[in-house]
Ligand code: DGL
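Residue numbers (the working numbering): 6 to 280.
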C-alpha cells in the first residue's frame, strides 16, 4: 500500500450528483477534511446498466481521483458499490470504502426482529449486494429487497412531499410493509432526500438506515485508526468535478448538499477514459 498524508483530500465518486448526500454526511462527520468529488453526470444513471459497464466506469472514476492525490476513495454510488467494490479493492493500491458493508452493519446493529428491508436501483437489488452482505454477517437475518427506480428522478425534481411521490412510494413499499420489517436500508444516493415520505409510509416502528451516514462514520474510524485524519482547524473545501453540467445542476446541488459548492469544474470524457 502506498504512503498517504493526513492533509490529502478524501476522494468520493458517484454516477452523478446524488453522491452529494454522502458528501453532506462526510462534511458533518469530518468538517475539516478536504473532499474531491467526481460525479459522472455524462454517463448517469449507472443503476440500469450492465455489471461490466458499471465496473468499467467505476475503474475510470477511481483512476481520476487517484490523480488528485486522494488518501482514500469513498464509492458514494450504491450501484457502483454493489457491482464494483471487489474489483476496485483488488485492483487499486488505496483504501476504498463503499456503501454496502457500512449500511448492512448499521442495519444489523439496530434491527431487533432481524427482518430488514433494502431499497435501491435495479442493479443494486438484482445483484443482491446488501442481502449477501447481511447474510454473510448474520445467517439468521431475513432480507426483503425492492428496486425503486422512480425515486431517483423524483428526488432530482425536488418532489419531496408531492402526492405523486407518496403514491409511487406506497406502491413500491407496500410489499415491504407486508413483510413486517423493522429496519429499512436506503440503498441509493438519492433516497435520503425522500426519507421523510418513506418514513411516513413505513411507519414509526421501521428505522431507516442512511448508508452514506454509516459509511462516513466508517471512513472517520478508518482514517483515525491509521493516523490519516486531517488535524487542521479550518473548514475543509469541497472540490467538485463532473463529466457534464446537467440541467438544473445548481438546484440539485443545493438540495442534495444543503449548500453551494466551493468549487466546480467540468472534465472531458476523453480525459476520463484515456488509459
Ligand atoms: N447513484 C446511484 C446509486 O446510488 C443512483 C443513480 C444511478 O442510477 O446512477 O445507486
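Ideal Cβ positions, reconstructed from N, Cα and C, are used throughout, including at glycine. Just so you know, these numbers come straight off a predicted model, no measurement behind them.
The Cβ atoms of residue 109 and residue 138 lie closer than 8 Å to each other. Counting along the chain, no beta strand (DSSP E) covers residue 65; the unbroken alpha helix (DSSP H) around it starts and ends at 56 to 71. For residue 270, the pairing in a beta bridge is given by DSSP as 246.
Uninterrupted alpha helix (DSSP H) stretches at least 4 residues long and entirely within the segment 66 to 145 occur at 83 to 96, 105 to 115, 127 to 131, 134 to 142, given in chain order. With a threshold of 16 other beta carbon atoms within 10 Å, residue 210 falls short and is exposed. Apart from sequence neighbours up to five positions away, the residues of its chain that approach residue 115 with a beta-carbon distance below 8 Å are 188, 212, 214, ordered along the chain. Within the same chain, and ignoring the five residues on either side of residue 163 in sequence, the residues whose Cβ sits closer than 6 Å to its Cβ are 260. Around residue 117, the same chain offers 187 as residues with beta carbons nearer than 8 Å, after the five sequence neighbours per side are excluded. In the structure shown, residue 223 adopts helical secondary structure according to DSSP, grouped into three states. One thing to note: residue 241 has its Cβ no nearer than 8 Å to the Cβ of residue 91. Counting along the chain, the unbroken beta strand (DSSP E) around residue 214 starts and ends at 212 to 215. Partner residues in the beta bridge of residue 191, as assigned by DSSP, are 124, 215.
Taking a C-beta distance under 8 Å as the contact criterion, residue 17 and residue 40 qualify as a contact pair.
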